[in-house]
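Visitor: Residue numbers (the numbering used here), protein chains in the order written: chain A, 179 to 438; chain B, 179 to 438. Cβ coordinates follow ideal geometry from the N, Cα and C atoms, glycine included. Provided herewith is a single structure, encoded as structure tokens, for subsequent inquiry.
Number of protein chains: 2
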Amino acid sequence: MNPSKDAETAQIAPTAALILIGNEILSGRTQDKNLAFIGSRLAARGIVLREARVIADSPDVISATINTLRTQYTYVFTTGGIGPTHDDVTADCVAQAFGVELPVHAEAERRLLEYFRGRGVEPNADRMRMARIPQGAELVDNPVSIAPGFRMENVFVMAGVPRIMQAMFDNIEPTLAVGPSIGSVSVVCDLPEGDFAGDLRALQETLSELDLGSYPISVENGARVVLVARGTDVVKLTQASDQLQALVRRLGGTIYGDER
Amino acid sequence: MNPSKDAETAQIAPTAALILIGNEILSGRTQDKNLAFIGSRLAARGIVLREARVIADSPDVISATINTLRTQYTYVFTTGGIGPTHDDVTADCVAQAFGVELPVHAEAERRLLEYFRGRGVEPNADRMRMARIPQGAELVDNPVSIAPGFRMENVFVMAGVPRIMQAMFDNIEPTLAVGPSIGSVSVVCDLPEGDFAGDLRALQETLSELDLGSYPISVENGARVVLVARGTDVVKLTQASDQLQALVRRLGGTIYGDER
């Protein structure tokens, strides 16, 4: 990454942080898939995801993390902890973080009652906990399992189950600001990083508007490295693609693909 | 999670934070696999991973994050940013965080030279950057690609490539303190969470030494929920397993497995 470029981006692109809530992610029981989804969808909209934090189902930690991050970034997204069980405490924590009440939201209650009754499911007290929404928040629709997420100022609260989170994100996305489109070009090659590190560093200095990186990957019969350039300037990205390919050829490497 | 239990654990178990360094994780290009590996290996050793942060290849952010976390936890682990390219800045950032120099480490240099020469690879300046180790740090062996990680006080710096990170972790693991063994029992069932949330809450109150949780998962032909109890008390874990199974049966659910 080019730090000077980074500072420029900060002035023009919306920024975001993601909070992944759940003991099961920290214990290794659950492999998180939400970060990659949200990161790529935000990037596609020109919103820079600056950090993600994975934290436990601990009310004080959740509230403090929300309050730390919501003042630093344009948007904060959370996943996890909005179901019916005792370890689902995210709504309580958001209310605490903002210093507001957590009343039953009439529309959320209506949707849940209709959904449960339509399926012959008892709308017991635990299920109806999911109708409690921090005072002043707006609902985020959940077309999969109805229990809504919500937006409280710049904080978007979503489910942890990837399929439900993704459906909620689909609904949130059109309401987000659009930043300068962040494009990327990439070249997959068989050169070890040490072969091209100096040339790549020089190219980064020439293409200072872009972020250049290289990422080793494993393939069936050996190792490859993906050379990537990311940025908002389409002309520079095209130049980067050409120059990355030229660099690989000049060093005697084979190009295995161009992920552009 | 049971907050009172959480406070007790903090007094007896070593704690840890994990810092995943890399723009490629935040942009969604790379699906992280290191958190789940490290989280489960730490849990197996009785070390509680309290949080993980995914941050960009930004020197100031990396240094500040290391300094924030190393005073809060028994151990801090980092992955990523120790290769030969311009965006590999983790060693520089650790040196900056601890206020020490970053000289060439004689043993690291020796290993790298031997490795590169044995493979007929030019030990150019970029490759030899990987021999720079913060003053006072100890090497962490890298049997895969030789370039070492290192330990600086309570901070362990590892590669980002999973295969290399895992080999480094194998070498680090025996040097870590051992906490009370954290075991878990689980029951997979077909009940919706809302059916058992009240009973699970009551069971959590009875088994206050354990952390009870429920995690919806998708399977080929529908949805399942995994009920999990985690903790250090083997007798209580056995009780939890029996009571979770009894709970599912009492509510008319089917048990699809017991991951114990």
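Using a Cβ-Cβ cut-off of less than 8 Å, list which residues of the stretch 377-400 of chain A approach chain B; keep chain order.
Guide: So the list reads L378, R379, Q382, D389, L390, G391, S392, Y393, P394, S396, given in the order they occur along the chain.
Visitor: Say whether the stretch 226-234 of chain B touches the stretch 225-234 of chain A, bearing in mind that this needs 3 or more beta-carbon pairs closer than 8 Å, one atom from each stretch.
Guide: Because the criterion of three Cβ pairs below 8 Å is met, the stretch 226-234 of chain B and the stretch 225-234 of chain A touch.
Visitor: Does N201 (chain B) come within less than 8 Å of chain A when only Cβ atoms are used?
Guide: Reading the second sequence from its first residue, position 23 is the one you call residue 201 (chain B). So, interface residue.
Visitor: Exposed or buried, which one is D348 (chain B) when buried takes at least 16 other CB atoms within 10 Å?
Guide: Translated into positions along the second sequence, residue 348 (chain B) becomes position 170. So D348 (chain B) ends up on the exposed side.
Visitor: Are any of the Cβ atoms in chain B nearer than 8 Å to that of G217 (chain A)?
Guide: Here residue 217 (chain A) refers to the residue found at position 39 when the first sequence is read from its first residue. At least one chain B Cβ lies under 8 Å of G217 (chain A).
Visitor: Where does D389 (chain B) sit, in a helix, a strand or coil, going by DSSP?
Guide: Residue 389 (chain B) sits at position 211 when you count from the first residue of the second sequence. In this structure, D389 (chain B) counts as strand in the three-state DSSP scheme.
Visitor: Is it right to say R207 (chain A) is buried, meaning 16 or more other beta carbons lie within 10 angstroms of its own, or is it exposed?
Guide: Numbered from its first residue, the first sequence carries residue 207 (chain A) at position 29. Classification for R207 (chain A): buried.
Visitor: When you compare only the Cα positions, how much space is there between I324 (chain A) and Y293 (chain A)?
Guide: Within the first sequence, residue 324 (chain A) is the residue found at index 146, counting from 1. Within the first sequence, residue 293 (chain A) is the residue found at index 115, counting from 1. Cα to Cα, I324 (chain A) sits roughly 7 Å from Y293 (chain A).
Visitor: Applying a beta-carbon distance threshold of less than 7 Å, which residues of chain A neighbour Q209 (chain B)?
Guide: Residue 209 (chain B) sits at position 31 when you count from the first residue of the second sequence. Simply A214.
Visitor: Report buried or exposed for Q421 (chain A), applying the criterion of at least 16 other Cβ atoms within 10 angstroms of its Cβ.
Guide: Here residue 421 (chain A) refers to the residue found at position 243 of the first sequence. By the neighbour-count rule (16 or more Cβ atoms within 10 Å), Q421 (chain A) is buried.
Visitor: According to the neighbour-count rule (16 or more other Cβ atoms, all chains shown, within 10 Å of its Cβ), is Q313 (chain B) buried or exposed?
Guide: Start at 1 with the first residue of the second sequence, and residue 313 (chain B) comes out as number 135. Q313 (chain B) comes out exposed.
Visitor: Go ahead and pull the three-state DSSP assignment for G409 (chain A).
Guide: Taking the first sequence and counting its residues from 1, the one referred to as residue 409 (chain A) is at position 231. Residue state, collapsed to three classes: strand.
Visitor: Mark I360 (chain B) as exposed unless 16 or more other C-beta atoms lie within 10 angstroms of its C-beta, in which case mark it buried.
Guide: Here the question's residue 360 (chain B) lines up with position 182 in the second sequence. So I360 (chain B) counts as buried.
Visitor: Taking the Cβ atom as the reference point for each residue, do L385 (chain A) and K414 (chain A) lie within a distance shorter than 8 Å?
Guide: The count along the first sequence starts at 1 and reaches residue 385 (chain A) at position 207. The count along the first sequence starts at 1 and reaches residue 414 (chain A) at position 236. In contact: L385 (chain A) and K414 (chain A) (Cβ atoms closer than 8 Å).
Visitor: For the beta strand (DSSP E) holding M330 (chain B), just list the boundary residues, first then last.
Guide: Position 152 of the second sequence holds residue 330 (chain B). Its beta strand (DSSP E) spans residues 327-330.
Visitor: Please report the Cβ distance between E287 (chain B) and A309 (chain B), rounded to the nearest whole angstrom; I am assuming they are in contact, meaning their Cβ atoms lie under 8 Å.
Guide: On the second sequence, position 109 is the one that residue 287 (chain B) refers to. On the second sequence, position 131 is the one that residue 309 (chain B) refers to. Contact flag correct, Cβ pair sits at about 4 Å.
Visitor: By the three-class DSSP mapping on this structure, what secondary structure does Y251 (chain A) have?
Guide: Taking the first sequence and counting its residues from 1, the one referred to as residue 251 (chain A) is at position 73. In the structure shown, Y251 (chain A) sits in coil (DSSP, three-state: anything other than H, G, I, E or B).
Visitor: Could you give the first and the last residue of the continuous beta strand (DSSP E) run that contains S364 (chain B)?
Guide: As a first step, residue 364 (chain B) is located in the second sequence; it is residue number 186 there, counting from the start. Looking at the DSSP string, the run of the beta strand (DSSP E) that includes S364 (chain B) is 361-367.
Visitor: Using a beta-carbon distance below 8 Å, is L429 (chain B) in contact with chain A?
Guide: In the second sequence, residue 429 (chain B) corresponds to position 251, counting from 1. Taking Cβ atoms only, chain A never reaches closer than 8 Å to L429 (chain B), which makes this a no.
Visitor: Output yes or no for whether 8 Å exceeds the beta carbon distance between E285 (chain A) and L317 (chain A).
Guide: For the purposes of this step, residue 285 (chain A) is identified with residue 107 of the first sequence, where counting begins at 1. For the purposes of this step, residue 317 (chain A) is identified with residue 139 of the first sequence, where counting begins at 1. Yes.
Visitor: What separation, rounded to the nearest whole angstrom, lies between the Cα atoms of L196 (chain B) and F255 (chain B)?
Guide: The residue labelled residue 196 (chain B) in the question sits at position 18 within the second sequence. The residue labelled residue 255 (chain B) in the question sits at position 77 within the second sequence. L196 (chain B) and F255 (chain B): Cα-Cα distance of roughly 5 Å.
Visitor: So which of A:T416, A:A380, A:S396 has the shortest CA-CA distance to D304 (chain B)?
Guide: The residue given as residue 304 (chain B) occupies position 126 in the second sequence. Cα-wise, what sits closest to D304 (chain B) is A:A380.
Visitor: To which residues of the same chain is T243 (chain B) closer than 8 Å at the C-beta, ignoring the five residues directly before and after it?
Guide: What you label residue 243 (chain B) is simply residue 65 of the second sequence in a count that begins at 1. Counting only Cβ-Cβ distances below 8 Å, and skipping sequence neighbours, we find I197, R231, I233.
Visitor: Within the 8 Å Cβ cut-off, does V232 (chain B) reach chain A?
Guide: On the second sequence, residue 232 (chain B) is found 54 positions in, with the first residue counted as 1. Yes, contact with chain A.
Visitor: Note down, in chain order, each residue of its chain lying with its Cβ closer than 6 Å to the Cβ of Q189 (chain B), except the 5 sequence neighbours on either side.
Guide: Locating residue 189 (chain B) in the second sequence gives position 11, counting from the first residue. Residue placement at Q189 (chain B) is flagged as unreliable, the pLDDT there being 48, under the threshold of 50; the coordinate-derived value follows with that caveat. Contacts found: none.
Visitor: Given E300 (chain B), which residues of its chain have a CB within under 8 Å of its CB, disregarding the five upstream and five downstream residues?
Guide: As a working mapping, residue 300 (chain B) is identified with position 122 in the second sequence. Cβ neighbours of E300 (chain B) beyond the five flanking positions: F294.
Visitor: So S362 (chain A) packs on V406 (chain A), CB below 8 Å; how close in whole Å?
Guide: Taking the first sequence and counting its residues from 1, one reaches residue 362 (chain A) at position 184. Taking the first sequence and counting its residues from 1, one reaches residue 406 (chain A) at position 228. Yes, they are in contact, since the Cβ atoms of S362 (chain A) and V406 (chain A) sit about 6 Å apart, within 8 Å.
Visitor: Find out if the Cβ-Cβ distance for the pair R307 (chain A), P237 (chain A) is shorter than 8 Å.
Guide: The residue labelled residue 307 (chain A) in the question sits at position 129 within the first sequence. The residue labelled residue 237 (chain A) in the question sits at position 59 within the first sequence. Not a contact, by the Cβ cut-off of 8 Å.
Visitor: Taking only beta-carbon atoms, is V318 (chain B) less than 8 Å away from chain A?
Guide: Locating residue 318 (chain B) in the second sequence gives position 140, counting from the first residue. So no, V318 (chain B) is outside the interface.
Visitor: Can you confirm whether E419 (chain B), when its beta carbon is compared against all beta carbons of chain A, has any partner nearer than 8 Å?
Guide: Translated into the one-based positions of the second sequence, residue 419 (chain B) becomes position 241. Just to set this straight, residue 419 (chain B) is Ser in the shown sequence, not Glu. Cβ-Cβ to chain A under 8 Å: no for S419 (chain B).
Visitor: In this structure, what does DSSP give as the bridge partners for L198 (chain B)?
Guide: Sequence index remark: in the second sequence, residue 198 (chain B) carries index 20 (1-based). DSSP, once it has assigned bridges, lists B:V232, B:T257 as partnering L198 (chain B).
Visitor: Helix, strand or coil: which one does DSSP assign to E292 (chain B)?
Guide: Residue 292 (chain B) sits at position 114 when you count from the first residue of the second sequence. Helix.
Visitor: In whole angstroms, what is the alpha-carbon distance linking T252 (chain B) and I342 (chain A)?
Guide: In the second sequence, residue 252 (chain B) corresponds to position 74, counting from 1. In the first sequence, residue 342 (chain A) corresponds to position 164, counting from 1. Between T252 (chain B) and I342 (chain A), the C-alpha separation is close to 36 Å.
Visitor: Considering V272 (chain B), what are the terminal residues of the alpha helix (DSSP H) in which it resides?
Guide: Residue 272 (chain B) sits at position 94 when you count from the first residue of the second sequence. Element bounds for V272 (chain B): 268-276.
Visitor: Give me the residue from A:G430, A:V365, A:S241 with the minimum Cα distance to A418 (chain A).
Guide: What you label residue 418 (chain A) is simply residue 240 of the first sequence in a count that begins at 1. Ranking the options by Cα distance to A418 (chain A), first place goes to A:V365.
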